[in-house]
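> As given, the protein sequences belong to chains U, X, G and R, one line each in that order. Using numbering that gives the first Met the number 0, the letters of the first sequence correspond one by one to residues 0 to 748. Using numbering that gives the first Met the number 0, the letters of the second sequence correspond one by one to residues 0 to 233. Using numbering that gives the first Met the number 0, the letters of the third sequence correspond one by one to residues 0 to 81. Using numbering that gives the first Met the number 0, the letters of the fourth sequence correspond one by one to residues 0 to 81.
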Amino acid sequence: MSEAVRPNLARSGEITPEIVAEHGLSEAEYDRVIEVLGREPNLLELGIFSVMWSEHCSYKSSKIWLKTLPTEGPQVILGPGENAGVIDIGEGLAAIFKMESHNHPSFIEPYQGAATGVGGILRDVFTMGARPIANLNALRFGDPDHPRTRHLVAGVVAGVGGYGNCVGVPTVGGEVNFDPGYNGNILVNAMTVGIARKDRIFTSGASGIGNPIVYVGSKTGRDGIHGATMASAEFDDRSEAKRPTVQVGDPFTEKLLIEACLELMATDAIVAIQDLGAAGLTCSSFEMASKGGLGVELDLETVPCREDGMTPYEMMLSESQERMLMVIEPAKEDLARAVFEKWDLEFAVIGRLTDTGRMVLKLNGAVVGDLPIDPLAEAAPEYDRPWTPTPAPAELAPGSVPAPEDMGRALLDLVGSPDLCSRRWVWEQYDHMVMADTVGRPGGDAALVRIHGSDRALAITTDCTPRYCQADPKAGGAQAVAEAWRNLTAVGAQPLAITDNLNFGNPERPEIMGQLVGCIQGIGEACAALGMPVVSGNVSLYNETNGKGIPPTPVIGAVGLVDDIARTTDIAFKAAGEAIVLIGETRGHLGASIYLRDALGRREGAAPPVDLAAEKRHGDLVRGLIRGGRVSACHDLADGGLAVALAEMALAGDLGATIEAPGSAPEDAGETPLHAWLFGEDQARYLVTAPGAEEAAESLLEAARAAGVPAARIGVTGGPALTLPGGAPISLGELRAAHEGWLPRYMGD
Amino acid sequence: MKAAIVVFPGSNCDRDVQVALRQSMRGAPGHDEPIMVWHKDADFEKVDLIVLPGGFSYGDYLRCGAMAAHSPAMTEVVRRAKAGVPVLGICNGFQMLTETGLLPGALLRNAGLKFVCRDVHIRVETSQSPFTGRYQTGQRLRVPIAHHDGNYVADEEELERLEARGQIAFRYCEPDGAVTEAANPNGAARNVAGVFNEAKTVLGLMPHPERLADSALGGADGRPLFDGLVEALS
Amino acid sequence: MKARVHVTLKPGILDPQGKAIQHALGALGFGAVDKVRQGKVIDLEIAETDPEAARASLREMCEKLLANTVIENYAIEIDAGP
Amino acid sequence: MKARVHVTLKPGILDPQGKAIQHALGALGFGAVDKVRQGKVIDLEIAETDPEAARASLREMCEKLLANTVIENYAIEIDAGP
Ligand SMILES: Nc1ncnc2c1ncn2[C@@H]1O[C@H](COP(=O)(O)OP(=O)(O)O)[C@@H](O)[C@H]1O
Ligand SMILES: [Mg+2]
Chain U
0 MSEAVRPNLA RSGEITPEIV AEHGLSEAEY DRVIEVLGRE PNLLELGIFS VMWSEHCSYK
60 SSKIWLKTLP TEGPQVILGP GENAGVIDIG EGLAAIFKME SHNHPSFIEP YQGAATGVGG
120 ILRDVFTMGA RPIANLNALR FGDPDHPRTR HLVAGVVAGV GGYGNCVGVP TVGGEVNFDP
180 GYNGNILVNA MTVGIARKDR IFTSGASGIG NPIVYVGSKT GRDGIHGATM ASAEFDDRSE
240 AKRPTVQVGD PFTEKLLIEA CLELMATDAI VAIQDLGAAG LTCSSFEMAS KGGLGVELDL
300 ETVPCREDGM TPYEMMLSES QERMLMVIEP AKEDLARAVF EKWDLEFAVI GRLTDTGRMV
360 LKLNGAVVGD LPIDPLAEAA PEYDRPWTPT PAPAELAPGS VPAPEDMGRA LLDLVGSPDL
420 CSRRWVWEQY DHMVMADTVG RPGGDAALVR IHGSDRALAI TTDCTPRYCQ ADPKAGGAQA
480 VAEAWRNLTA VGAQPLAITD NLNFGNPERP EIMGQLVGCI QGIGEACAAL GMPVVSGNVS
540 LYNETNGKGI PPTPVIGAVG LVDDIARTTD IAFKAAGEAI VLIGETRGHL GASIYLRDAL
600 GRREGAAPPV DLAAEKRHGD LVRGLIRGGR VSACHDLADG GLAVALAEMA LAGDLGATIE
660 APGSAPEDAG ETPLHAWLFG EDQARYLVTA PGAEEAAESL LEAARAAGVP AARIGVTGGP
720 ALTLPGGAPI SLGELRAAHE GWLPRYMGD
Chain X
0 MKAAIVVFPG SNCDRDVQVA LRQSMRGAPG HDEPIMVWHK DADFEKVDLI VLPGGFSYGD
60 YLRCGAMAAH SPAMTEVVRR AKAGVPVLGI CNGFQMLTET GLLPGALLRN AGLKFVCRDV
120 HIRVETSQSP FTGRYQTGQR LRVPIAHHDG NYVADEEELE RLEARGQIAF RYCEPDGAVT
180 EAANPNGAAR NVAGVFNEAK TVLGLMPHPE RLADSALGGA DGRPLFDGLV EALS
Chain G
0 MKARVHVTLK PGILDPQGKA IQHALGALGF GAVDKVRQGK VIDLEIAETD PEAARASLRE
60 MCEKLLANTV IENYAIEIDA GP
Chain R
0 MKARVHVTLK PGILDPQGKA IQHALGALGF GAVDKVRQGK VIDLEIAETD PEAARASLRE
60 MCEKLLANTV IENYAIEIDA GP
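#1: For U/E427, which three-state DSSP category applies?
#2: Less than 8 Å separating the beta-carbons of X/E209 and U/A477?
#3: Output the distance between the C-alpha atoms of R/G100 and U/D249, rounded to the nearest integer angstrom.
#4: Note down, one range per segment and in chain order, each beta strand (DSSP E) of at least 3 residues found wholly within the stretch 39 to 90 of chain U.
#5: What residues of chain R sit near X/L61, judged by a beta carbon separation below 8 Å?
#6: Whose C-beta lies closer than 8 Å to the C-beta of U/V297 among residues of the same chain, with five residues either side of it excluded?
#7: Identify every residue that forms a DSSP beta bridge with U/Q273.
#8: Mind checking if X/R117 is an interface residue toward chain U, Cβ cutoff 8 Å exclusive?
#9: Let me confirm a value: U/A277 is counted as buried when at least 16 other C-beta atoms fall within 10 Å, else exposed. Which label applies?
#10: Could you compute how far the alpha carbon of U/L138 sits from the alpha carbon of U/I185?
#11: Taking the Cβ atom as the reference point for each residue, do U/G160 and U/Y429 lie within a distance shorter than 8 Å?
#12: Have a look at X/A19 and R/A19 and give me their C-alpha separation to the nearest angstrom.
#13: Which of helix, strand or coil does DSSP assign to U/G170?
#14: Give, in chain order, every unbroken run of the alpha helix (DSSP H) that is at least 4 residues long and sits entirely within the stretch 43 to 102 of chain X.
#15: What span of residues does the beta strand (DSSP E) with U/K194 cover, start to end?
#16: Less than 8 Å between CB atoms is the rule here; does R/V4 satisfy it with respect to chain U?
#17: X/W37 by DSSP, collapsed to three states: which one?
#18: Going by the CB atoms, is the gap between U/P494 and U/G72 shorter than 8 Å?
#19: List the residues that DSSP assigns as beta-bridge partners of U/S535.
#20: Does the beta carbon of U/D236 sit closer than 8 Å to a beta carbon anywhere in chain R?
#21: Alpha carbons only, please: which of U/C165, U/N182, U/N188 is nearest the one belonging to U/G173?
#22: Mind checking U/Q469: buried by the 16 CB within 10 Å criterion, or exposed?
#23: If you count every other CB in all the chains shown that lies within 10 Å of the CB of G/L27, and 16 or more means buried, which is it?
#24: With distance defined between alpha-carbon atoms, name the residue in U/E733, U/L77, U/G726 nearest to U/E404.
#25: With the cut-off set at 8 Å, would you say U/A376 and U/Y467 are in Cβ contact?
#26: Using CA coordinates, which residue listed in G/L43, G/I70, G/Y73 is at the minimum distance from G/M0?
#27: Could you name the residues of chain X that R/L27 contacts, counting a contact when the two beta carbons are closer than 7 Å?
#28: Using a cut-off of 8 Å between C-beta atoms, extract the partners of U/V245 located in chain R.
#29: Secondary structure at G/A26, three-state DSSP: helix, strand or coil?
#30: List the residues that DSSP assigns as beta-bridge partners of U/Y214.
#31: Measuring straight from C-alpha to C-alpha, what distance separates U/E536 and U/A153?
#32: Which two residues bound the contiguous beta strand (DSSP E) that contains U/N102?
#33: If we count the other Cβ atoms within 10 Å of its Cβ and call it buried at 16 or more, is U/P551 buried or exposed?
#34: Less than 8 Å between the beta carbons of G/R36 and G/G17, yes or no?
#35: Near U/E733, which residues of its chain fall below 7 Å by C-beta distance, leaving aside the five closest residues on each side in sequence?
#36: At which residue ranges does the stretch 125 to 174 of chain U contain complete alpha helix (DSSP H) runs of 4 or more residues, listed in the order of the chain?
If you want it as structure tokens, here you go:
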């Protein structure tokens, strides 16, 4: 059939194969366009198909795998499919959250790319009726020595802050990693968490034939046209020239939009609401109609435009920021208009719902586009792309990895390294306290944001260890979930659900597809085992430059609940003389570790095994201890292992410690060589301190024994230095200088 | 006592300061809930205290506080301030107060050019005001800052006048109270963190006392400012 | 009528942005640069045909809003702009 | 030699500041104002006597630091300034 159709096309004039290719559609996909329409599209229609069927909007490469993720649980109110996931947090409230990438735009223009990334994810959340209460950002940059890295770090951090600070939502956490694998493709993943009343959640499914479709927010310009298709294509040396107009964020307008939308949402005027994100007006109107099983008719001359002479194509594909689309009750139009006028925002009725099941676009009365809604959505390509599993690397025996000459020196190097140094330089540029509910500030395991007016709080974190995902995608995917779960647990929270942002290279390459599949499998298993379903997410593919993909980076954003902020803890050592207890089993796993990479310059070995049953058992014990007030500080163990966690706890509390390897003498640290004991990255581990007297420590160990959880006393807090087994004391001053020094020095402050 | 908080488009610490004020007013007889006044409303009820909250009024575009300074409510605030009604401007509110001329000087971009959000120490320069009555002169407070433009400038003569008349309310300092360059987070002249008008009925300050007025948030050094105001104005 | 307004910091006022630019230019190897000052330029169109009236109106805009005359100077150019 | 550099947003790029200024001028009663755009002006002195060499050097400064050429244009004036 397709063979019969294509020759016609070449002749028909307007749509040439080049135009089709520029729209990122394959020949086979273009054939389907014709099949769906029953004729050739015009340019406007082609543009609409192209964005609707782009990877970014259709998830064509990932959909069949995403379907395997666990998305249900008693806490889930709305899983994937809406603008953001919704979970029940009790007392009539819901937490609404999602994470989204803005990788490509941030590489091109770091400040605006990051800023508009924050703006976009905020809209996904307040569109559903939530007041945003926290932002997080997971960032990945290239080699610090790469010539563009510093500029990108400066721009992205300023952009995240510039937007979040102005809208008045605290930025409370995130991640920053450096790796040469991101030299040509940085990652900027932004997460927003909001809170809404459970009985007042807004969705995008339109209803009510004849109801007005209302456009609100900023005017439409020629911004980011084809941003969605760009986010779905690999970079090459020509992309500079093909650049669309960069989108500029206006956080001030966003703040007004938040307030205006929430004000209107307190009435019963809104039938459905949807933000304008990637693929702007096209995607949002399509989605609203499609979810409601209806049609739409838009009068494009009524769309508020920033510039003269904008074409229907430009209006439909523009990605101008700070805009929303609503279906409202006809009788409430004046009320709605008054709210938006109060906030000095655009308000325009641009069309109505119809019963035709079609999207009809008119300009001054003339039909300029006419597409069937459901067939277009149903015919969207969905690929089961070929994939090859990542070959499993050989296990690396701890004993085969050379020990450093001096443990203290090695620790100083690690805590002062790009990946493990303090992120203070970053978060001090973010207003992390506005709204006056930030109970747990950045710098710990999970941020704690109080639920306004109560003693309860949400714990929030983002995590991913790309080193592990690269070595073993499935273990890495599971580890990312486990670490997020651990970070929530380590502050005393009950983990509830996650959002994920799957960042990968070109899925048309089977080895990359294999990474995606493996990570999703690992995430799915871990979510199921830990009772933490996936309620929203985002996929960013084609993070690849000249055929080189990024390390697989499935970032997990997790949310947990604290019933009483008085029963939480943080990582800081509190008082001298407290016993330090290591919970979990230490075998000294050094494969794919930071020690191996940064101290020895080696990237090899298997990722640490993830025992989900042990994670659960250990975490449940720790959470119980925290809630029972039986520990004074808690930190989970991650990159850099035990030694790095100890250093962070000592620095946070400005209090040293003396550590003894189990079995006392250093040469006698069981089967595990001392450096593997200190720097190994075995999972499912925590450090806790027991407040007060001897009995407290004993009772902790007893509780662990009873729960079948390995636990050992490894030292005691106190003094102005951290003393590792067999080593000289490392003064906290020296440790702090190393830990706090790298980032400001690198950034030239 | 009655207090009004003026809300501008882009204000984002309006609720925070309302919570702090409410906490200090709670239980004291004759106290009303602090009211929120929309910037277009020049006709708001008679109050004993007006607060200009922090945030990014008008996005901080052009100059911080410049556009807010011209709103109808501000015209009224200036009128009442001149008639002696106490006005507290925090962060963006401080910027508005200098833009209207109720306070001398101006606030420029931070010397480090970056937005800075962290706890700092400030020294109370005088307890002789309705705002600082619950503090001791010389007392050190730990309070957060969160701003991009907190670099206080005024010419030498003006600064001398401020010193001479005791109009400097707070200075950035070390934890032990020493006023040093290292303790200055934004390059402010003479480490000035807050200033009074001559009558000490208007206070503008860059730090956010409302953000550490609740020990659940990690400190409460900001609370006596609100407690003291409630006491002084009741 | 098009107009352009320059708003610059008064001479004695320290200019953190100018200073930072000068420093950064130095670091980039442009050592021979001095006295860097950063200001604002505002371009606009004003529905006024008489240049004198336009100038008067712009002067008022500067005094009221565009400049903070405590720390800034302004300069008006009529019929200028991009 | 004195120089002045103007850095302005490219046409078509959203200018939130310009938009807000226009709005504020309107609220102040200057209704007849349109197309407000805000940019930066950088004044500096450059130790260079040859105008062409100065211009070349300034162009490089703009490309490397003063302007973000993804979204901004720049214009160089030699021997100009305040
Ligand atoms: N981009 C960022 N923005 C805000 N906070 C950040 C950012 N990156 C890291 N942080 C904070 O720094 C702390 C340490 O981060 P990280 O080492 O990734 O934590 P963990 O190992 O516990 O996951 C955390 O509190 C985290 O939220
Ligand atoms: Mg952690």
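Even for Gly, the Cβ is constructed at its ideal location relative to N, Cα and C. Quantities reported herein were computed from a predicted structural model and do not represent experimental measurements.
Let me spell this out:
#1: Residue mapping note: residue 427 of chain U aligns to position 428 of the first sequence, counting from 1. Residue state, collapsed to three classes: coil.
#2: In the second sequence, residue 209 of chain X corresponds to position 210, counting from 1. In the first sequence, residue 477 of chain U corresponds to position 478, counting from 1. The Cβ atoms of X/E209 and U/A477 lie no closer than 8 Å to each other.
#3: Residue 100 of chain R lies beyond the residue range present for chain R, which begins at 0 and ends at 81; the question has no answer from this structure.
#4: If we require 3 residues or more, the beta strand (DSSP E) runs fully inside the stretch 39 to 90 of chain U come out as 75 to 77, 84 to 89.
#5: Looking up residue 61 of chain X in the second sequence gives position 62. In chain order: Q16, A19, I20, A23, Q37.
#6: Counting from 1 along the first sequence, the entry for residue 297 of chain U is found at position 298. What sits at residue 297 of chain U in the sequence shown is Leu, not Val. Once the five neighbours on either side are set aside, the close Cβ partners of U/L297 are I212, L280, S284, I349, G350, M358, V359, L360, K361.
#7: For the purposes of this step, residue 273 of chain U is taken as the residue at position 274 of the first sequence. Beta-bridge partners assigned by DSSP to U/Q273: U/L324.
#8: Your numbering for residue 117 of chain X matches position 118 in the second sequence. With 8 Å as the cut-off, X/R117 counts as an interface residue toward chain U.
#9: Sequence index remark: in the first sequence, residue 277 of chain U carries index 278 (1-based). The residue in question, U/A277, is buried, as its Cβ has 16 or more Cβ neighbours within 10 Å.
#10: Residue mapping note: residue 138 of chain U aligns to position 139 of the first sequence, counting from 1. Residue mapping note: residue 185 of chain U aligns to position 186 of the first sequence, counting from 1. Their backbone Cα atoms lie some 8 Å apart in a straight line.
#11: Mapped onto the first sequence, residue 160 of chain U falls at position 161. Mapped onto the first sequence, residue 429 of chain U falls at position 430. Yes; because the gap between Cβ atoms is below 8 Å, this pair is in contact.
#12: The sequence position of residue 19 of chain X within the second sequence is 20, counting from 1. The sequence position of residue 19 of chain R within the fourth sequence is 20, counting from 1. One C-alpha to the other measures close to 31 Å.
#13: If you number the first sequence from 1, residue 170 of chain U lands on position 171. According to the sequence provided, residue 170 of chain U is Thr. The question's Gly does not apply to it. Assigned with DSSP and collapsed to three states, U/T170 falls in strand.
#14: Counting only runs of 4 or more, we get 71 to 81, 91 to 99.
#15: Reading the first sequence from its first residue, position 195 is the one you call residue 194 of chain U. According to the sequence shown, residue 194 of chain U is Ile rather than Lys. 186 to 196 is the extent of the beta strand (DSSP E) around U/I194.
#16: As a first step, residue 4 of chain R must be located in the fourth sequence, where it is residue number 5. Not an interface residue.
#17: Residue 37 of chain X sits at position 38 when you count from the first residue of the second sequence. Correct three-state label for X/W37: strand.
#18: Sequence index remark: in the first sequence, residue 72 of chain U carries index 73 (1-based). Sequence index remark: in the first sequence, residue 494 of chain U carries index 495 (1-based). The Cβ atoms of U/G72 and U/P494 lie no closer than 8 Å to each other.
#19: Walking along the first sequence from the start, residue 535 of chain U turns up at place 536. Looking at the DSSP assignment, U/S535 forms a beta bridge with U/T498.
#20: What you label residue 236 of chain U is simply residue 237 of the first sequence in a count that begins at 1. Interpretation of U/D236 is limited by its pLDDT of 48, a score under 50 that renders its predicted location unreliable; the figure taken from the coordinates is listed afterwards. With 8 Å as the cut-off, U/D236 does not count as an interface residue toward chain R.
#21: Translated into positions along the first sequence, residue 173 of chain U becomes position 174. Taking only the C-alpha atoms, the option nearest U/G173 is U/N188.
#22: In the first sequence, counting from the first residue as 1, residue 469 of chain U sits at position 470. Counting every other CB atom within 10 Å of its CB across the protein chains shown gives U/Q469 a total of 16 or more, marking it as buried.
#23: Indexing the third sequence from 1 puts residue 27 of chain G at position 28. Answer is exposed; the Cβ neighbour count stays below 16.
#24: On the first sequence, position 405 is the one that residue 404 of chain U refers to. Selection U/E733, U/L77, U/G726 evaluated against U/E404 yields U/G726 as nearest (Cα-Cα).
#25: Here residue 376 of chain U corresponds to residue number 377 of the first sequence, with the count starting at 1. Here residue 467 of chain U corresponds to residue number 468 of the first sequence, with the count starting at 1. Cβ distance not < 8 Å, so U/A376 and U/Y467 don't count as in contact.
#26: Indexing the third sequence from 1 puts residue 0 of chain G at position 1. Residue G/L43 is the option with its Cα nearest to G/M0.
#27: Here residue 27 of chain R refers to the residue found at position 28 of the fourth sequence. Under a criterion of Cβ atoms nearer than 7 Å, the residues of chain X adjacent to R/L27 are, in order, H69.
#28: Taking the first sequence and counting its residues from 1, the one referred to as residue 245 of chain U is at position 246. Here the neighbours are I12, V69, I70.
#29: Indexing the third sequence from 1 puts residue 26 of chain G at position 27. Helix.
#30: As a position in the first sequence, residue 214 of chain U is number 215, starting the count at 1. Beta-bridge pairing links U/Y214 to U/L324, U/A347.
#31: Mapped onto the first sequence, residue 536 of chain U falls at position 537. Mapped onto the first sequence, residue 153 of chain U falls at position 154. Correcting the residue type first, residue 536 of chain U is Gly in the shown sequence and not Glu. Going from the Cα of U/G536 to the Cα of U/A153 covers about 27 Å.
#32: For this step, residue 102 of chain U is matched to residue 103 along the first sequence. For U/N102, there is no enclosing beta strand (DSSP E); the residue is part of the alpha helix (DSSP H) that begins and ends at 102 to 107.
#33: Position 552 of the first sequence, counting from 1, holds the residue named residue 551 of chain U. By the neighbour-count definition (other C-beta atoms within 10 Å, threshold 16), U/P551 is a buried residue.
#34: Numbered from its first residue, the third sequence carries residue 36 of chain G at position 37. Numbered from its first residue, the third sequence carries residue 17 of chain G at position 18. Yes. Within cutoff.
#35: Residue 733 of chain U sits at position 734 when you count from the first residue of the first sequence. So the qualifying residues of the chain are L411.
#36: Fully enclosed alpha helix (DSSP H) runs of 4 or longer: 148 to 166.
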